[in-house]
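As you go down the protein sequences, you meet chains S, W, X and P in turn.
Mapping of the first sequence onto my numbering: residues 27 to 361, in sequence order.
Mapping of the second sequence onto my numbering: residues 27 to 361, in sequence order.
Mapping of the third sequence onto my numbering: residues 27 to 361, in sequence order.
Mapping of the fourth sequence onto my numbering: residues 27 to 361, in sequence order.
Just so you know, even glycine gets a beta-carbon here, dropped at the ideal spot from N, CA and C.
Computed from a prediction, not measured in an experiment: that's the story for all the values here.
One structure is given below, encoded as structure tokens.
4 protein chains.
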Amino acid sequence: MGVRFGLLGAGRIGRVHAKAISADSQARLVAVADALPDAARDVAAQYGSEVRTIEAIEAAGDIDAVVICTPTNTHADLIERFAKAGKAIFCEKPVDLSLARVRDCLKVVEATGARLMVGFNRRFDPHFRAVRAAIDEGRIGTVEMVTITSRDPGAPPVSYIQNSGGIFRDMTIHDFDMARFLLGEEVETVQAAAAVLTDPGIATAGDYDSVSLILRTASGRQCLISNSRRATYGYDQRIEVHGSLGMASAENQRPVSIEVASVTGYNRPPLHDFFMTRYTDAYAAEIAAFIAGVTAGATISPSGEDGLKALALADAALKSVAEGRAVRVSEVLNG
Amino acid sequence: MGVRFGLLGAGRIGRVHAKAISADSQARLVAVADALPDAARDVAAQYGSEVRTIEAIEAAGDIDAVVICTPTNTHADLIERFAKAGKAIFCEKPVDLSLARVRDCLKVVEATGARLMVGFNRRFDPHFRAVRAAIDEGRIGTVEMVTITSRDPGAPPVSYIQNSGGIFRDMTIHDFDMARFLLGEEVETVQAAAAVLTDPGIATAGDYDSVSLILRTASGRQCLISNSRRATYGYDQRIEVHGSLGMASAENQRPVSIEVASVTGYNRPPLHDFFMTRYTDAYAAEIAAFIAGVTAGATISPSGEDGLKALALADAALKSVAEGRAVRVSEVLNG
Amino acid sequence: MGVRFGLLGAGRIGRVHAKAISADSQARLVAVADALPDAARDVAAQYGSEVRTIEAIEAAGDIDAVVICTPTNTHADLIERFAKAGKAIFCEKPVDLSLARVRDCLKVVEATGARLMVGFNRRFDPHFRAVRAAIDEGRIGTVEMVTITSRDPGAPPVSYIQNSGGIFRDMTIHDFDMARFLLGEEVETVQAAAAVLTDPGIATAGDYDSVSLILRTASGRQCLISNSRRATYGYDQRIEVHGSLGMASAENQRPVSIEVASVTGYNRPPLHDFFMTRYTDAYAAEIAAFIAGVTAGATISPSGEDGLKALALADAALKSVAEGRAVRVSEVLNG
Amino acid sequence: MGVRFGLLGAGRIGRVHAKAISADSQARLVAVADALPDAARDVAAQYGSEVRTIEAIEAAGDIDAVVICTPTNTHADLIERFAKAGKAIFCEKPVDLSLARVRDCLKVVEATGARLMVGFNRRFDPHFRAVRAAIDEGRIGTVEMVTITSRDPGAPPVSYIQNSGGIFRDMTIHDFDMARFLLGEEVETVQAAAAVLTDPGIATAGDYDSVSLILRTASGRQCLISNSRRATYGYDQRIEVHGSLGMASAENQRPVSIEVASVTGYNRPPLHDFFMTRYTDAYAAEIAAFIAGVTAGATISPSGEDGLKALALADAALKSVAEGRAVRVSEVLNG
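What follows is the structure, given as structure tokens:
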């Protein structure tokens, strides 16, 4: 019969997951909850689901798993509640913006034995997975150096930024997870530089829009990350991994890949406009992996621990900028 | 409520359309018919449809449109029956392998005023559409010369080839339609060369596996087509259009676009394995266009006439190979 | 001491060869002749050579080889004179525009035992050579189908076209040679279509500016050629060769290969402006091959016979357009 | 008559410059000096020059300029001697490995009014120049972030590394200059991470083989540099510059740019094997720029000051690794 789902939060990303669940023959979307009744009704109608309260989903006997797409500041509470209710949990990143709160939350998850997957969608992108597979197949030897380029088409509103935890926790967090996914070793130190170059309003919110990072593992492996909140040519998402035998890389994806040549040269259209179109396949594969994990009773990855470690790298980066030095991750993890 | 569909034929391509119909909020798959009851049941179960006979679908008051995915030799008869039954018709290419039979069938369609769309899926590929759009926007000026490369990963079984009408009617037919789509003028003459280079078995079936064509319009526009039944590196599908102001082209699509560099150089994985994965988006867009056309009561394209004209080009090509000369399309169309 | 050269013709292409000879440690440019004394003086001064008459070079004891860069209608006569004078001969293509005249000329060459190389420079392009090498190494198996794209940035003046022998003998001639270089079998039949699409003035000269060709060998190998006298985006020179095991291709070369991405997409600059910049390396390698051949007393390729056969393909193409049929090369070669 | 040159040092790079000088119609190679008489004789013979001692060249009335290609530890002394002798000076990088020695040397240069160009050849690569030109034309707006990838095919012998000044002064020095060339602002702070990943022998020499750097200017512009002494796929040299309006990038150059597709996918050959072949055009353009500058009496760039500043960045990087902190360039420049 498959996994019976409750969806918490029927906003943009919630709808992406609702569609993926409904299209999966191993799953069914049973109920939808949202603070905005219309949003919940809309999604429920489209997929033949019921509208329920969060409390009702928590108590329901016909729900095996929940997908948490509510605002960030509710994530940790909801994880704890649904862990205690015995549901499998898929939670959009981040678990919380506070490392301490995440740590506490994961203790509850561990105590209840609940299964928790954190939504680092990029691990499921077919191209990035293929890079990881090339590494696993030994095609580039031992991983030595990684470069991650991640540039958003435009910054979110300053009002969003003020509650986002800052660029490292909000945007770079995906690259931190990708770095861990690709490096194959835990990061030991973080060095970061940051500036506001695209919009002075971001400075007034106490945040940055252009950051550069070096991550280093104990054995000396290194990862460079380049982030900007602005890329006029579309959503720039690239990785390259250098190993002892070679390099594996994934270039940008394009919605339309034609080329027009004329007297001004060769022109290709811009990249995808943002993550919703760029990572369509990744979102579907992510939920499929969660469903497969729940069905098989298997370990689910990326885990809450992965969420914690990515957040620790963000905190270390912030500290590195503030103090102008290389920060050991252990300083913030055990801090 | 949208368009209510009956599906005739629940094989591989029938399932592709069933999925597209079900995912479209403007349509519903009401009934499925197939000579193999299990196939029909399977598809019906997946999408909450009924299994019915073709006769029942023909007579049904709750069916607005049919999708014909049955064997080629049944297409013309079914089109006539459902045209008379007042249903909108989407028919997989070709209408028939005989030009005379197609002509007769289209007369019935015309007499009944039925709406008919022929399944030239490539017109709906987002990349090819973007090339067409670049032309329409005037970015390359007046179209002058087109090159179409179309190479299958491997030949079908000889048993299939024997009933296929030959490579021009079975495979090049798509390129003929694409040529007409891109040239913007009707083709006047066809020149073709053909050979068997990949498998002697194909010669015993009286067919070719490697063909080259030049199409020429009255004003002198030209189209080169290169076809082979074998491409070791995947399904090779490229177009380029040269105009007075420049060129527009669409390169091959890849399921995974990573690159691995090593001591042997830079390596990218093979292309898509065949049309089912290469044209996934095209099939969905094709059915969406049909649904939109039926809903709006609008003209539907590509039409039966488009099917007829592509077939005439195939017949002209065959004649060109046999007689070693440039064949005017009017010779076969009016023959 | 190396090969001692006389240069006949100090125009644009003569200067290219003069530079290549002077830079080669195995050769020395001894003398330069040109109908325009200033041109000869200029080149001679630059490379420390003498200005001489053609007659003087013919009689000279200190000249081993000549490079013929004079107007086309003098080539055959000069080849015969210098063959009789015992010099090794490098002659720019074509030997002559008349097949009969070429045939006669080659008889003289054969009778004298003179060594003659014809200037099909593209065989020496490092990228095209690498494609040929990939074939020779067996990387794509048995050659089956070739596609050659060759588009000039712009047409020469009509006054030039009137004496050029027409597009097939003047422009496609290079592609005919490249087809023979890549197919590995002699061409048996030629099919061609032609039109004037870029400049009506070309029609008044009795020529075409846009042509498409199919060449076919006895075993069924095929070559498509696409030519235009206009390409707004630069000098378009591409080849691709399909074999039983795969494909080898050479893309266009660019003087500057940067890319600029902006809100309008990704832009690369136009291609080389024409053959002088595109084939710089090829011209140098060509003369080096001639020098090596003369020094070693080895066979020199491409030979006069290669020049003859390429011209025969041009004549067959012209006949194909005129008569609307596939023309056997033997019809014109033995005509 | 042009610039009359003396060449000091007839090794590998000296020969590159000798060839470029001889091919330039505005220059003449008058004399060659080398500690190894055979090397000097060999180069002199090839270009019709004399073998002289350094002292003779210093005193010569027929020498306008010298090219210094001797071992690094002689550079500063020779610059001072030839500055005092009134010659224009082209000196291979670096001026010296000691910042203090460079500073002293440049004082002599300034006092004598001598013209000095330092051999940062990459500024003259046509592709990198085109990126710089795209910036200057305003195509990407205000520069914000730069990424430089520079990976050598293999490490030099440990014996070389021991006297090289270390990877930052020997290899990254080129990237430091390129960063300054592209950022358009002086670097304020340097952050670096370093490790030995390719060969333990490098660690015994007290050096690193894999380094990552972040450079930051006062206004917040950032540059990421990724260096490795090993790249199995060839000499990896890429830059990309992000600005307020877009990105300009230069991809790797290839000696042969064919592609072979087969059942294992699409394969392109490795990159250039090292700087001698990758930067052939850059070396020629560099000497041409020096000649043009000397002839015109114009300012010559890159200057001794550019050499000093690149070295300061190397020293700051070394300090950053040692102290695990962001190092201000002023600390080492004024140290």
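Going by C-alpha distance, which of the options is nearest residue i?
{"i": "Arg304(P)", "options": "Pro97(P), Leu239(P), Gly260(P) and Glu170(P)", "result": "Gly260(P)"}
{"i": "Asp225(P)", "options": "Arg255(P), Glu277(P) and Phe108(P)", "result": "Arg255(P)"}
{"i": "His153(S)", "options": "Ile83(W), Pro281(W) and Val93(W)", "result": "Pro281(W)"}
{"i": "Val320(P)", "options": "Asp60(P), Val92(P) and Ile83(P)", "result": "Val92(P)"}
{"i": "Ser238(X)", "options": "Met302(X), Glu212(X) and Asp201(X)", "result": "Asp201(X)"}
{"i": "Ile161(W)", "options": "Phe316(W), Ala86(W) and His268(W)", "result": "His268(W)"}
{"i": "Gly180(S)", "options": "Gly139(S), Ile228(S), Val135(S) and Glu170(S)", "result": "Ile228(S)"}
{"i": "His101(P)", "options": "Met143(P), Ala71(P) and Leu223(P)", "result": "Met143(P)"}
{"i": "Gln279(S)", "options": "Ala287(S), Met302(S) and Gly291(S)", "result": "Met302(S)"}
{"i": "Asp299(W)", "options": "Val289(P), Ala65(P), Tyr73(P) and Ala85(P)", "result": "Val289(P)"}
{"i": "Gly28(P)", "options": "Lys345(P), Gly323(P), Ser329(P) and Val355(P)", "result": "Gly323(P)"}
Rounding to the nearest angstrom, what Cα-Cα distance links residue i and residue j in this structure?
{"i": "Ile115(X)", "j": "Ser48(X)", "result": "17 Å"}
{"i": "Arg158(X)", "j": "Leu250(X)", "result": "17 Å"}
{"i": "Ala342(X)", "j": "Glu357(X)", "result": "8 Å"}
{"i": "Ser190(W)", "j": "Ile166(S)", "result": "46 Å"}
{"i": "Arg177(S)", "j": "Lys335(S)", "result": "22 Å"}
{"i": "Glu349(P)", "j": "Ala338(P)", "result": "16 Å"}
{"i": "Lys113(P)", "j": "Ser236(P)", "result": "40 Å"}
{"i": "Phe150(W)", "j": "Val347(X)", "result": "35 Å"}
{"i": "Leu359(W)", "j": "Arg242(W)", "result": "16 Å"}
{"i": "Gly37(X)", "j": "Glu84(X)", "result": "20 Å"}
{"i": "Asp50(W)", "j": "Asn99(S)", "result": "35 Å"}
{"i": "Gly232(S)", "j": "Met171(P)", "result": "20 Å"}
Helix, strand or coil for residue i, going by three-state DSSP, please let me know.
{"i": "Tyr292(P)", "result": "strand"}
{"i": "Ile174(X)", "result": "strand"}
{"i": "Ile228(X)", "result": "helix"}
{"i": "Ile240(S)", "result": "strand"}
{"i": "Met302(W)", "result": "helix"}
{"i": "Arg195(W)", "result": "helix"}
{"i": "Ser356(X)", "result": "helix"}
{"i": "Cys95(W)", "result": "coil"}
{"i": "Arg280(W)", "result": "coil"}
{"i": "Leu125(S)", "result": "helix"}
{"i": "Val222(X)", "result": "coil"}
{"i": "Ser381(W)", "result": "It is not possible to answer for residue 381(W), since the shown part of chain W is limited to 27 through 361."}
{"i": "Gly272(S)", "result": "strand"}
Let me confirm a value: residue i is counted as buried when at least 16 other C-beta atoms fall within 10 Å, else exposed. Which label applies?
{"i": "Tyr186(X)", "result": "exposed"}
{"i": "Leu62(S)", "result": "exposed"}
{"i": "Arg247(X)", "result": "buried"}
{"i": "Gly272(P)", "result": "buried"}
{"i": "Pro183(X)", "result": "exposed"}
{"i": "Glu11(W)", "result": "Nothing can be reported for residue 11(W): it is not among the residues displayed for chain W, which extend from 27 to 361."}
{"i": "Phe207(W)", "result": "buried"}
{"i": "Thr258(X)", "result": "buried"}
{"i": "Val122(W)", "result": "Looking at the sequence shown, residue 122(W) is not Val but Asp. Counting Cβ neighbours within 10 Å, Asp122(W) comes out buried, since at least 16 surround it."}
{"i": "Ala137(X)", "result": "exposed"}
Inset, instruction - May I ask you to list, following chain order, the residues of the region 260-282 of chain W that have a beta carbon less than 8 Å from some beta carbon of chain A? - result: Any reference to chain A falls outside this structure, whose protein chains are S, W, X and P.
Legend entry - the region 93-106 of chain P contacting the region 32-42 of chain P, beta-carbon criterion three pairs below 8 Å: The way I'd put it, the region 93-106 of chain P does touch the region 32-42 of chain P; three or more beta-carbon pairs between them come closer than 8 Å.
Inset, instruction - Could you tell me whether the region 207-224 of chain X touches the region 124-138 of chain X, using the rule of 3 or more Cβ pairs below 8 Å? - result: Counting Cβ pairs under 8 Å, fewer than three are found: no touch.
Inset, instruction - Decide if the region 306-316 of chain P is in contact with the region 313-332 of chain W; the criterion is three or more beta carbon pairs, one per stretch, under 8 Å apart. - result: Proximity of the region 306-316 of chain P to the region 313-332 of chain W falls short of the contact definition, fewer than three beta-carbon pairs being nearer than 8 Å.
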